[in-house]
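Chemist: In the UniProt record's numbering, the protein residues as written are 1 to 563.
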Amino acid sequence: MNQLKTTISILTLVSALFGNCSPVNKNDPFSDALFYIFLFQAIGNAQEENCSFSPASADSLFNDQWHLSNLGQSGGTVGEDANVNPVWNQGISGNKVIVSVVDDGLDTRHEDLSTNISVTARGLNLLNNTIYPNHTYSNSFHGTAVGGVIAARGGNSIGVRGSAPCAKLVGVNLLEKSTIYTSDEYRAMVNESSRVSISNNSWGSPDGYGWLWPSSSLWQQGVKEGVLLGKSGKGTVYVWAAGNGANGGSITVPILVDNANYDGQANFYGVMAIGGIGQDGKKANYSESGANLWASAHTQGNNATAYTTAISTTDATGTNGINAGGTSGDYSFASYTKKFNGTSSATPLAAGVISLLLSYRSDLTWRDVRELVAYSARTNDPGDTDWTTNAAGLNINHKYGFGAVDAASLITSAGTWTPITTPQIIDTQPLLSPNTPIPDNDLVTGATVNYNVTSSITYIEYIDVEFTSHHSYFPELFIRITSPSGTSSFLSEAHACANPYSGSLCSSGNTSIASMTGSATYRFGLARNLGENPNGIWTIRVFDASATDTGSINSVQLRIYGR
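Below is the structure:
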């Protein structure tokens, strides 16, 4: 998630890179209205264009797009990419799949995007409640960069190419609001959901503070409605940036590190959290790990000392956006940039690959998509010591989820996939209140709670772990959970904490779950047990990493999604 700005909603802080400055004068309502009168003149009976795309056709900057075709550019590992070429060669290009770009706007008149703007789904401008999602501010670009990674038009001899070069885009400019209300979050999640196959969200809670951020009930309601009712009842697929707060920052003892499970949006059952890997297939040092992580996709990575090549994509037209044309380290011409990075760019790459899948198998539901991504994911960075196998035979890693998104493998798996027809069961297990003391400054014994699950579910799709502790300094805690099948996952690690309002290091007593979230209970997400049977004894172990602050495990409750 490229940090564009920091805005405060009622319950959620949203982050992005640049603040709102001067409005873009040319994007006035009158000119937008003329554009949309043309664009939506036949909205009642409009049909998305039947796009055709030849992989051999030209796009002037395609050779810079190593994430689509890694030939070793700038020292990358040959073949370490999204593996889209074999899929394109089958004639699969994302045709008629609509992707919502929930971001800071979308330049619908960009030369490389305009033909891939949806004519059946309407954009949403939350600043003025219109259907014109174009950027309002001159330095706003993030959504257009996201849109290019997904669906920049392929084979038009200009610019870049999206991973789904025939998919259609619809924009929502949520992040351009200086104050984002929970009602805005809800509207962003459900905008045109009956038509939208995929919702891309390269945003979330602030990175680098080590706090637990809950998601609002209205936002959750929007996602729930999307997965139940979206895309004509098949469900909208929500992809979410895992976050960029894992690089340690300036605080080293203990390390100030974020985990994707501290974000109550990225760890919600209805979304797939996407981490970032570089040209060598290894985790970008900023990409957040977590037991909620679903998969990883390519973005700007790292070597021992510095970032490597970033992602080439569309920029806001002309001198607006991140590249005014010749901006230091960027292309000499405006309207494109080669500086896009973070899990902000990994997430739309995954969204584009999923677009390919849904153009190939339009009958699939959101649950089918999630599992196909998991079962087809490639084991990148195979030497990493965190790789293990769960009881269902899936490779899992806290850094990578189920592995790297791989388009060719995904389409191959889809060819023999039988759609899930069994309704999803949501089974909330009884609340257990052990009030077990957590030994202070003890990384050996810790506190243990055994939680017995008896459920009609025999196949796990996702798990919520609701955990309550009145420990006086929650960031000291390591929390691990082990399934009856023996799959062990960490939900939290000992880490430093910084105040998001002052930037100062948190002190004892003010970062407990209660003070951070307004509630003593925090919900963690658990993806790593996909396919396992939940019945039996789950073991929760909690360790305290340093002295003085103390507390106990007050309660634990599991909510199991499955069939």
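Glycine included, C-beta positions come from ideal geometry on N, C-alpha and C.
For the beta strand (DSSP E) that Y375 lies in, which residues bound it at each end?
Modeler: Note, Y375: premise wrong, no beta strand (DSSP E); alpha helix (DSSP H) at 366-376.
Chemist: Can you say whether R537 is buried or exposed, counting buried as having 16 or more other CB atoms within 10 angstroms of its CB?
Modeler: The sequence as given places Ile at residue 537; Arg does not occur at that position. Per the 10 Å Cβ criterion, exposed.
Chemist: I think Y360 touches I411, with their Cβ atoms under 8 Å apart; what is that distance to the nearest whole Å?
Modeler: Right, the Cβ-Cβ distance comes to about 6 Å (below 8 Å), so this counts as a contact.
Chemist: To the nearest angstrom, how far is it from the Cα of Q300 to the Cα of L71?
Modeler: Those two C-alpha atoms are separated by around 16 Å.
Chemist: State the start and end residues of the unbroken beta strand (DSSP E) segment that holds T539.
Modeler: Where T539 is concerned, the enclosing beta strand (DSSP E) stretches over 536-544.
Chemist: Ends of the beta strand (DSSP E) at I481?
Modeler: 477-482 is the extent of the beta strand (DSSP E) around I481.
Chemist: Here's the rule I'm using: 16 or more other beta-carbon atoms within 10 Å means buried, otherwise exposed. How should V24 be labelled?
Modeler: In this predicted model, V24 has a pLDDT of only 41, less than 50, meaning its place in the structure is not dependable; the value taken from the coordinates is given anyway. Its Cβ being crowded by 16 or more others within 10 Å, V24 is buried.
Chemist: Please say whether L477 and A291 have beta carbons closer to each other than 8 Å?
Modeler: Going by C-beta atoms, A291 is not nearer than 8 Å to L477.
Chemist: Does the region 177-187 come close enough to the region 106-121 to have 3 or more Cβ pairs within less than 8 Å?
Modeler: No, they do not touch.
Chemist: Can you tell which of E288, T313, Y331 has its C-alpha closest to the C-alpha of G208?
Modeler: G208 has its Cα closest to that of E288, out of E288, T313, Y331.
Chemist: Measuring straight from C-alpha to C-alpha, what distance separates residue 634 and T115?
Modeler: Nothing can be reported for residue 634: it is not among the residues displayed for the chain, which extend from 1 to 563.
Chemist: Does the region 531-547 come within contact of the region 426-445, defined as at least 3 CB pairs closer than 8 Å?
Modeler: Flag = yes, the region 531-547 and the region 426-445 touch.
Chemist: Is T149 near G352, with beta carbons less than 8 Å apart?
Modeler: For the sequence presented, residue 149 should be read as Val rather than Thr. Going by C-beta atoms, V149 is nearer than 8 Å to G352.
Chemist: In this structure, does DSSP put W211 in helix, strand or coil?
Modeler: Three-state DSSP puts W211 in coil, outside helix and strand.
Chemist: Could you give the C-beta distance for P133 and G105, rounded to a whole number, given that I count them as a contact under 8 Å?
Modeler: About 5 Å; that satisfies the 8 Å criterion.
Chemist: Going by C-alpha to C-alpha distance, which of S409, D406, N380 sits closest to I396?
Modeler: Nearest C-alpha to I396: N380.
Chemist: Nearest to G143 by alpha carbon, out of V102, A494, S194?
Modeler: With distances taken between Cα atoms, G143 lies closest to V102.
Chemist: Using 8 Å as the threshold, is the C-beta distance between D549 and H471 below it?
Modeler: Yes; because the gap between Cβ atoms is below 8 Å, this pair is in contact.
Chemist: Please state the DSSP three-state secondary structure of D64.
Modeler: Of the three classes helix, strand and coil, the one that applies to D64 here is helix, per DSSP.
Chemist: Provide the residue(s) that pair with W240 in DSSP beta bridges, ordered along the chain.
Modeler: Bridge partners of W240: N201, A273.
Chemist: Taking the Cβ atom as the reference point for each residue, do V190 and W240 lie within a distance shorter than 8 Å?
Modeler: Result no, Cβ atoms of V190 and W240 do not sit closer than 8 Å.
Chemist: Quick test of your reading: N156 and D59, contact by CB under 8 Å. State the CB separation rounded to the nearest angstrom.
Modeler: Confirmed, Cβ separation roughly 7 Å.
Chemist: Hey, how far is the Cα of P348 from the Cα of Q265?
Modeler: Using only the alpha carbons, I get a separation of about 17 Å.
Chemist: Within the same chain, show all residues whose beta-carbon is closer than 6 Å to that of W213, passing over the 5 residues directly before and after it, in chain order.
Modeler: Contacts found: S205, D263, G264.
Chemist: Throw me the rounded Cβ distance for the A295 and V405 pair, which I believe falls under 8 Å.
Modeler: Correct: roughly 5 Å between the Cβ atoms.
Chemist: Between which residues of its own chain and A100 is the CB-CB distance below 6 Å, once the five residues before and five after are set aside?
Modeler: Here residue 100 turns out to be Ser, not Ala, going by the sequence shown. Within the same chain, S100 has close Cβ partners V170, V196, S199.
Chemist: Quick test of your reading: P165 and F53, contact by CB under 8 Å. State the CB separation rounded to the nearest angstrom.
Modeler: P165 to F53, Cβ: 5 Å. Contact.
Chemist: State the Cα-Cα distance for the pair T388 and I479, rounded to the nearest angstrom.
Modeler: C-alpha separation (whole angstroms): 19 Å.
Chemist: Name, in chain order, the residues that DSSP records as bridge partners for V465.
Modeler: Per DSSP, F524, L558.
Chemist: When we look at the beta-carbon of P437 and count the other beta-carbons within 10 Å, is it buried (16 or more) or exposed?
Modeler: P437 comes out exposed.
Chemist: Looking at C-alpha atoms only, which residue of K224, L431, N247 is the closest neighbour of Y269?
Modeler: Closest by alpha carbon: K224.
Chemist: Rounded to the nearest angstrom, what separates S409 and A82 at their Cα positions?
Modeler: If I take the Cα positions, the gap works out to 10 Å.
Chemist: Nearest CA to the CA of A127: which residue from G154, G162, I180, G79?
Modeler: Looking at the sequence provided, one finds Leu at residue 127 rather than Ala. Comparing Cα positions, the closest option is I180.
Chemist: Can you tell me whether residue 569 is helix, strand or coil according to DSSP?
Modeler: Beyond the ends of the chain as shown, which are 1 and 563, falls residue 569; an answer cannot be given.
Chemist: Mark P382 as exposed unless 16 or more other C-beta atoms lie within 10 angstroms of its C-beta, in which case mark it buried.
Modeler: Exposed, because fewer than 16 other Cβ atoms sit within 10 Å of the Cβ of P382.
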